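In our numbering, the protein residues as written are 4 to 413.
Backbone N, C-alpha and C define an ideal beta-carbon position, used for all residues, glycine too.
Values in this document were obtained by computation on a predicted structure and should not be read as measured data.
Right, one structure below, let's go through it.
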Amino acid sequence: MTSPLRAFAALLALWLALVAAPALAADAPLTVLISIDGFRADYLDRGVTPTLSALAAGGVRGDMRPSFPSKTFPNHYTLVTGLRPDKNGIVDNNMYDPAITDKEFTMSRREVNQDPRWWEEAEPIWVTAEEAGVRTATMFWPGSDIPIHGVLPSHWQLFDQKVSAQTRVDTALSWLDGPVAERPRFLTLYFDDVDTAGHHEGPDSPELNAAAAKVDAAIGRFLDGLKARGITANIIVVADHGMAPVSQDRRIFVDDLLDMKAFRYTTAGAFLALNPAPGHEAEVDKALLKPHEHMQCWKKADIPARYHYGKNPRVPAIFCLPQTGWEITSHDYHPRTVDVGDHGFDNFAPEMRAIFVANGPAFRKGVRLPTFDNVDVYPLVAKLLGVMPKPNDGNLADTRPALTHGGRSD
Ligand code: AMP
Ligand code: ZN
Ligand code: ZN
4 MTSPLRAFAA LLALWLALVA APALAADAPL TVLISIDGFR ADYLDRGVTP
54 TLSALAAGGV RGDMRPSFPS KTFPNHYTLV TGLRPDKNGI VDNNMYDPAI
104 TDKEFTMSRR EVNQDPRWWE EAEPIWVTAE EAGVRTATMF WPGSDIPIHG
154 VLPSHWQLFD QKVSAQTRVD TALSWLDGPV AERPRFLTLY FDDVDTAGHH
204 EGPDSPELNA AAAKVDAAIG RFLDGLKARG ITANIIVVAD HGMAPVSQDR
254 RIFVDDLLDM KAFRYTTAGA FLALNPAPGH EAEVDKALLK PHEHMQCWKK
304 ADIPARYHYG KNPRVPAIFC LPQTGWEITS HDYHPRTVDV GDHGFDNFAP
354 EMRAIFVANG PAFRKGVRLP TFDNVDVYPL VAKLLGVMPK PNDGNLADTR
404 PALTHGGRSD
């Protein structure tokens, strides 16, 4: 390029950066990703969630298949990274990684799970967006209260289950009150009431419907708040997994098969993930790697390919999956409250399907998408934000039929 041309190009780039781009950005709709933990896809048809029904009727709905295992932390991280748990590093709610610490990662153990190394096998969308100059805000989302690759959302809070649904909504809205140029362009909201009711009272209980109605009302309050502020938004409502009824009559006792001292497990219940105690490998293999009436166990290398699970060093050596609705436990396990609903089962089971509803200017009206994998949410969100997605397991083609102009920005 000759130098006058180069000078003109530089001036044009400067003008674009200083004047045109922020103007475009300020006008762009807000992208909102709402997670209702444990909201099974079919709950939407119960007639108890008028706000969600209206969003679906005026936009898009679809059943979403969670990734394996169908637990909270792995799937929330999949939704915002597009990578299945085996690749995103959050392989379970409970994990051991001797390369990080001898302490177990659990959802509640903040001093352990706040170590960024657990999270840095992947990059969540808010980090990529912030680095691209797009402001983000997370009113809870697993991983959003930890600096990942040194980056936090512009607005975030330490997770606290006691914060009410209404307060979560009002806090998120307050973050949208600043000057337009400083307003977040990506926002998450997270509600746990439906998952809690599903565990304690079961997916078919009146308490479940009441929790769904309560979260629905909170989302209605959020939409009213957006309207009052004149903010246009593309809203995506998802869940991390569904919920299956479980019963005291459908239990597999691992201590009937094996001495409890022969292994150490990270998770039991909707699956059993374990490492043999040193010297007990052959005994554990012999007891577990044979046919069982209501469960199947594999060495991690032999987990069927459709689960995309078992390559990550954080996955324990042996993995047992019960029939959906059965639980793996031991005779000496006596929890204070006995749950009647659970998840973590086969992600292909219909009971594990999660809600997907999308509404806003980017979405067509009245579209019902065929069942798709939750890895597809990430490239969709990246597209809405105009942010270059990182390499991922998702496919924009699966949700493209739901987009106005087939997803083209013209
Ligand atoms: P699960 O039983 O796998 O569905 O886990 C659900 C629980 O995860 C909820 O009851 C929440 O209290 C908890 N949870 C959700 N987000 C977070 C977070 N960011 N930090 C800690 N715990 C969380
Ligand atoms: Zn969950
Ligand atoms: Zn749960």
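Indicate the three-state DSSP secondary structure (helix, strand or coil) for residue i in the structure shown.
i	result
Ala400	helix
Val257	helix
Gly201	helix
His158	strand
Asp105	strand
Val83	helix
His244	coil
Met355	helix
Asn212	helix
Asp45	helix
Thr169	It should be pointed out that residue 169 corresponds to Gln in this sequence rather than to Thr. Looking at Gln169 - three-state DSSP - the assignment turns out to be helix.
Leu179	coil
Ile306	coil
Leu291	helix
Ile222	helix
Asn377	helix
Ala26	For Ala26, the predicted model reports a pLDDT of 38, less than 50, meaning its position is unreliable and no value from the coordinates is stated.
Asn116	helix
With 16 as the cutoff for other CB atoms within 10 Å, does residue i come out buried or exposed?
i	result
Leu161	exposed
Met391	exposed
Ala273	buried
Thr131	buried
Lys368	exposed
Val218	buried
Met67	buried
Ser73	buried
His337	exposed
Ala365	buried
Gly363	buried
Glu185	exposed
Gly282	exposed
Near residue i, what residues of its chain come up, given a Cβ to Cβ distance below 7 angstroms and the 5 sequence neighbours on each side ignored?
i	result
Asn97	Glu107, Phe108, Thr109, Thr269, Thr270
Ala59	Leu47, Val360
Asn91	Tyr80, Thr81, Thr84, Glu124, Ala125
Val287	Leu261, Ala265, Phe266, Pro279, Ile321
Pro77	Ser70, Pro88, Ile93, Val94, Asp95
Using C-beta distances below 6 angstroms, list every residue in its chain close to residue i, excluding the 5 sequence neighbours before and after it, in chain order.
i	result
Glu210	Ala200, Glu204
Ser38	Tyr193, Val241
Leu277	Phe266, Tyr268, Pro319, Ile321
His158	Ala140, Trp178
Tyr312	Phe71, Asp89, Ile306
Thr402	Asp379, Leu383
Thr54	Asp219, Ile222, Gly223
Gly61	Asn362, Lys368
Met2	Residue 2 lies beyond the stretch modelled for the chain, which goes from 4 to 413, so this question has no answer here.
Ile128	Val83, Val384
Among all the DSSP beta bridges, which residues are the ones paired with residue i?
i	result
Asn362	Ile238
Tyr336	Partner(s): none; Tyr336 has no beta bridge.
Pro3	Since the first and last residues shown for the chain are 4 and 413, residue 3 lies out of range.
Leu324	Gln299
Grab me the residues of residue i's own chain with a C-beta within less than 8 angstroms of its C-beta, minus the 5 sequence neighbours each way, in chain order.
i	result
Asp180	Arg232
Pro394	none
Exercise. Name all residues in chain order for which at least one heavy atom of ligand 2 lies closer than 6 angstroms to the residue's CB.
Key: Ordered along the chain, the selected set is Asp40, Gly41, Thr75, Asp198, Asp243, His244.
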